[in-house]
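Residue numbers (this note's numbering): 72 to 275.
Backbone N, C-alpha and C fix where the C-beta goes; we use that ideal spot for every residue, glycine too.
See below:
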């Protein structure tokens, strides 16, 4: 085999290897990242959660670009989303805690906010910054309120949802996005300017 042939062969092998290694990393799209607006009201469930977990809700950071996520990071995102969805049973706050709107880390059962909190916790333990793990309030097509976890990345804002184990770009979901935790302060919330001709509001 000549040197030229060897070089071409090596280039093909490296190209295949690189493609395989990055196959789980999404390509950028339009409307990849949400546009946030002004500071808005904090959901009462999160406010009470912060009273019990003060160390988690006063973390302030300077605004920074969304991070580049490695192959390891994407694997963690998919694995944790699926794992939490599979091992936590879907139950209402009334069924689990005997009251409405009680946000807490679930033991074996919980509602949408509890799933989001648990995923946020486990991704943080894997090295993700809390400023890039944002609990988000949305409205489902039927008008019901719902909560998901948004993961900020350089490829866009991706949604971890207890109703779907597929990790989707926010603009590929059928939700109306209302508000989310601020990336600069874990105890503050900001509005979301959806950008898809959907009604933006505040879920109280």
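Cβ-based burial, residue i [other Cβ within 10 Å; buried from 16]
i, result
"residue 173", "buried"
"residue 130", "exposed"
"residue 219", "buried"
"residue 225", "exposed"
"residue 169", "exposed"
"residue 143", "exposed"
Which listed residue (the options) has its alpha carbon closest to that of residue i
i, options, result
"residue 198", "182, 184, 151 and 242", "151"
"residue 136", "192, 228 and 257", "228"
"residue 113", "102, 128 and 103", "128"
Beta-carbon proximity list for residue i, same chain, < 8 Å, skipping 5 on both sides
i, result
"residue 251", "105, 107, 205, 206, 207, 208, 221, 260, 261 and 263"
"residue 111", "250, 260, 261, 262 and 273"
"residue 189", "155, 159, 176, 177 and 181"
"residue 255", "131, 132, 133, 134 and 202"
Cutoff 6 Å; reference residue i; Cβ partners in own chain excluding five residues on either side
i, result
"residue 156", "233 and 236"
"residue 183", "217, 218 and 233"
"residue 122", "none"
beta-carbon residue i near the ligand FAD non-hydrogen atom, thresh 8 Å
i, result
"residue 173", "Absent from the structure shown: the ligand FAD. Ligands present: none."
Boundaries (first-last residue) of the beta strand (DSSP E) holding residue i
i, result
"residue 240", "235 to 240"
Same chain, Cβ closer than 7 Å to residue i, five either side skipped, listed in chain order
i, result
"residue 165", "171"
"residue 80", "In this prediction, residue 80 scores a pLDDT of 38, lower than 50, which makes its location untrustworthy; no coordinate-derived value is stated."
First through last residue of the alpha helix (DSSP H) which encompasses residue i
i, result
"residue 147", "142 to 158"
"residue 167", "164 to 168"
"residue 123", "115 to 123"
At a cut of 8 Å, does the region 109 to 124 reach the region 225 to 245 through at least three beta carbon pairs? Touching, no, given that fewer than three Cβ pairs across the two stretches are closer than 8 Å.
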